[in-house]
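Novice:
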């Protein structure tokens, strides 16, 4: 029986990789974006976060058992107070944020769109790196698949914003983000 389960798991993993539902690349340098996305200038747009929230809540993926699941469950949008107290993210580095996490805290899915104060991307990236160390420990040893998902996070600079995506379909999340852009 164990051999059969292993074969099913391996087949499912291969199927996920081939279907694009596996964790995506970590950085823009590893997965170049379309030229229009690479050349977005600062200050030209903002986001319709209410529309983005609805769009993200509708995104799905196929899990290892072949069942369609919502990427972020019912989705939980968190404010800066939550970021600081429960996620331990240094909010002094940001002037605007949209953060959505999975409603099941045993799932790692997380989207962070952060606007650095005075355009200081380095401070936000340092705060994210510090957060990431703590976030990984929530899953290490307990939820190995979710831990791997956190390890394979995706990040991209979009105009005045730094975007971090941890999900089973980063490209779908990035597409939703692009559709939520509005000109200033």
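Residue numbers (this note's numbering): 64 to 247.
Cβ coordinates follow ideal geometry from the N, Cα and C atoms, glycine included.
Apart from the five residues on each side of it in sequence, which residues of its chain come closer than 6 angstroms, Cβ to Cβ, to residue 228?
Specialist: Result list for residue 228: 174, 217, 236, in chain order.
Novice: Just to confirm before moving on: does the CB-CB distance between residue 231 and residue 213 stay below 8 angstroms?
Specialist: Contact flag unset, no.
Novice: DSSP on residue 188, reduced to helix/strand/coil?
Specialist: In this structure, residue 188 counts as helix in the three-state DSSP scheme.
Novice: Does the Cβ-Cβ distance between residue 223 and residue 182 come in under 8 angstroms?
Specialist: Contact: yes.
Novice: Less than 8 angstroms between the CB atoms is what I'm expecting for residue 124 and residue 132, so what's the real figure, rounded?
Specialist: Confirmed, about 6 angstroms.
Novice: Quick check on the DSSP output: what are the complete beta strand (DSSP E) runs of length 3 or more inside the segment 156-227, in order along the chain?
Specialist: Runs of the beta strand (DSSP E) inside the segment 156-227: 157-164, 173-179, 217-221.
Novice: What are the residues that DSSP puts in a beta bridge with residue 246?
Specialist: The partner list for residue 246 (beta bridge, DSSP) reads 108.
Novice: Between residue 157 and residue 188, is the Cβ-Cβ spacing less than 8 angstroms?
Specialist: Going by C-beta atoms, residue 157 is not nearer than 8 angstroms to residue 188.
Novice: Determine, using beta carbons only, whether residue 150 and residue 194 come nearer to each other than 8 angstroms.
Specialist: Taking 8 angstroms as the Cβ cut-off, residue 150 and residue 194 qualify as a contacting pair.
Novice: Measure the alpha-carbon distance for residue 115 versus residue 205 and round it to whole angstroms.
Specialist: Approximately 31 angstroms, taken between the alpha carbons.
Novice: Looking at residue 161: is its Cβ nearer than 8 angstroms to the Cβ of residue 108?
Specialist: No, these two residues do not count as a Cβ contact at 8 angstroms.
Novice: The alpha helix (DSSP H) spanning residue 147 covers which residue range?
Specialist: Segment 143-148, the alpha helix (DSSP H) holding residue 147.
Novice: Tell me, to the nearest whole angstrom, how far the beta carbon of residue 209 is from that of residue 171; I am working on the premise that it is less than 8 angstroms.
Specialist: Yes, residue 209 and residue 171 are in contact; Cβ-Cβ is about 4 angstroms, under 8 angstroms.
Novice: Measuring straight from C-alpha to C-alpha, what distance separates residue 246 and residue 110?
Specialist: So the two alpha carbons sit approximately 8 angstroms from each other.
Novice: Would you mind reading off the limits of the beta strand (DSSP E) that contains residue 137?
Specialist: Looking at the DSSP string, residue 137 is not in any beta strand (DSSP E), and its letter there is neither H nor E.
Novice: Opposite residue 124 in the DSSP bridges: which residues?
Specialist: In the DSSP output, where bridge partners are listed per residue, residue 124 has 132.
Novice: Look at the Cβ atom of residue 165, then the Cβ atom of residue 136, and state whether they are nearer than 8 angstroms.
Specialist: Yes, the Cβ-Cβ distance between residue 165 and residue 136 is below 8 angstroms.
Novice: Report yes if the CB atom of residue 225 is closer than 8 angstroms to the CB atom of residue 167, and no otherwise.
Specialist: Against a cut-off of 8 angstroms, the Cβ pair of residue 167 and residue 225 comes out as no contact.
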